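Here the sequence shown stands for residues 43 to 285, where the numbers follow the working numbering. Think of the CB as a built atom: it goes at the ideal place given N, C-alpha and C, for glycine as much as any other residue. None of these values were measured; they are calculated from a predicted model.
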Amino acid sequence: MTGRSGTRMSPERRLVLLGIVGGAAACQALAALGLWHEPENRRILLGTVGLIGFTAALADALYRSLTPRSGRPTDVRRLLGLAVLALSVPLVGPVGDERWPTWGFLGAALVGVAPVLLPMRSATVLAVVTVLVSAASARWYGHPAGVPVAVTIALGLPMALSSGLQLWFGARMEERDATRRIAWDSHRVLGDLLSAIILKAELASRLAPADPERAGREMAEVRAIAAAALARLRTLVHDQDAR
Numbered sequence: 043m044t045g046r047s048g049t050r051m052s053p054e055r056r057l058v059l060l061g062i063v064g065g066a067a068a069c070q071a072l073a074a075l076g077l078w079h080e081p082e083n084r085r086i087l088l089g090t091v092g093l094i095g096f097t098a099a100l101a102d103a104l105y106r107s108l109t110p111r112s113g114r115p116t117d118v119r120r121l122l123g124l125a126v127l128a129l130s131v132p133l134v135g136p137v138g139d140e141r142w143p144t145w146g147f148l149g150a151a152l153v154g155v156a157p158v159l160l161p162m163r164s165a166t167v168l169a170v171v172t173v174l175v176s177a178a179s180a181r182w183y184g185h186p187a188g189v190p191v192a193v194t195i196a197l198g199l200p201m202a203l204s205s206g207l208q209l210w211f212g213a214r215m216e217e218r219d220a221t222r223r224i225a226w227d228s229h230r231v232l233g234d235l236l237s238a239i240i241l242k243a244e245l246a247s248r249l250a251p252a253d254p255e256r257a258g259r260e261m262a263e264v265r266a267i268a269a270a271a272l273a274r275l276r277t278l279v280h281d282q283d284a285r
């Protein structure tokens, strides 16, 4: 799986993405079943449009959050995604009946992925707002609020905890791999440095009795090699800290 400009997603992040998408997709599939409980064709059509829009907006946000260097969305794109998510409430909310809280399942998906999309404080605010919207939309369309709220919380909260843990675990795995890479690169650089220094030092020691001037040049090259290797090691450490 690759991002824009051929950027490849790490295996760890791919597993995280698959796990989170699987949970969100299950909630959206349950919401889609609400279309079978809806007798009016007009509501079925509008609900389908809302469900597709919700799925597309959420998938785009998840991909950008989990794919390295995929690029931050523009303000227009971000506002468009928020508008699509908001429009899903009046489009999907009326679908079904009080026995099947259709938008409550979408609310659960949104609560479940909130820790991935936002910092913890903002994710908590989004989760609370989503639960309130789930209750308000049910009451607005004449359905009891208890069932959709229970669905949004009961499905969304475990998903949120799982999403946060998966993201944390994926980050730790990437840090481990990055540490292993820098250790290998450092070992290679030091190995090349020591090999070159040994060869140059041996040559300088042989030349010293007969050609001290050339021996001095060889030792100067040893210092240059050591300085270049030190600069390389500093670059490796800096790149690791910047990740």
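Residues near residue i by beta carbon distance below 6 Å, same chain, minus five either side
i: L245; result: E260
i: H79; result: G138, D139 and W142
i: G146; result: S176, P190, V193 and T194
i: A250; result: A257
i: P161; result: none
i: L59; result: L108
Exposed unless 16 or more other CB atoms sit within 10 angstroms - verdict on residue i
i: G188; result: exposed
i: S164; result: exposed
i: P190; result: buried
i: G149; result: buried
i: S47; result: Because S47 carries a pLDDT of 41, less than 50, the predicted location of this residue cannot be relied on, and the following value inherits that uncertainty. Classification for S47: exposed.
i: I62; result: buried
i: L75; result: exposed
i: T49; result: Summary for T49: the model assigns pLDDT 49, below 50, so the residue's position carries little reliability, and this model does not support an answer.
i: R276; result: exposed
i: V167; result: exposed
i: A270; result: exposed
i: A262; result: exposed
i: A73; result: buried
i: L272; result: exposed
i: L203; result: exposed
Within 8 Å, strictly: CB atoms of residue i and residue j
i: L127; j: A98; result: no
i: L87; j: V155; result: no
i: G198; j: P157; result: no
i: L159; j: S237; result: no
i: S184; j: V134; result: Note that residue 184 is Gly in the sequence shown, not Ser. Cβ atoms of G184 and V134: not closer than 8 Å.
i: G95; j: L129; result: yes
i: I240; j: I267; result: no
i: R85; j: P136; result: yes
Anticipated Cβ contact below 8 Å, residue i with residue j, distance rounded
i: G65; j: M201; result: 5 Å
i: V153; j: A178; result: Their Cβ separation, rounded to whole angstroms, is 15 Å, which puts V153 and A178 out of contact at 8 Å.
Neighbourhood of residue i by C-beta distance below 7 Å, restricted to the same chain and skipping five residues each side
i: A180; result: P143, P186, A187 and P190
i: A151; result: A66, C69, Q70 and L100
i: L77; result: I86, G89, T90 and V137
i: D102; result: G123
i: V264; result: I239, K242 and A243
i: T172; result: G149, L152, V153 and T194
Residue i CB to nearest heavy atom of the ligand FAD below 7 Å
i: E263; result: In the structure shown, the ligand FAD is absent, as is every other ligand, since no ligand is present at all.
Other residues of its chain near residue i: CB distance less than 8 Å, five sequence neighbours each side excluded
i: W182; result: G135
i: S247; result: A257
Segments of 4+ residues assigned as alpha helix (DSSP H) that fall wholly inside the stretch 93-173: 117-134 and 144-159
Contained beta strand (DSSP E) runs [length at least 3] in the stretch 230-261, N- to C-terminal order: none
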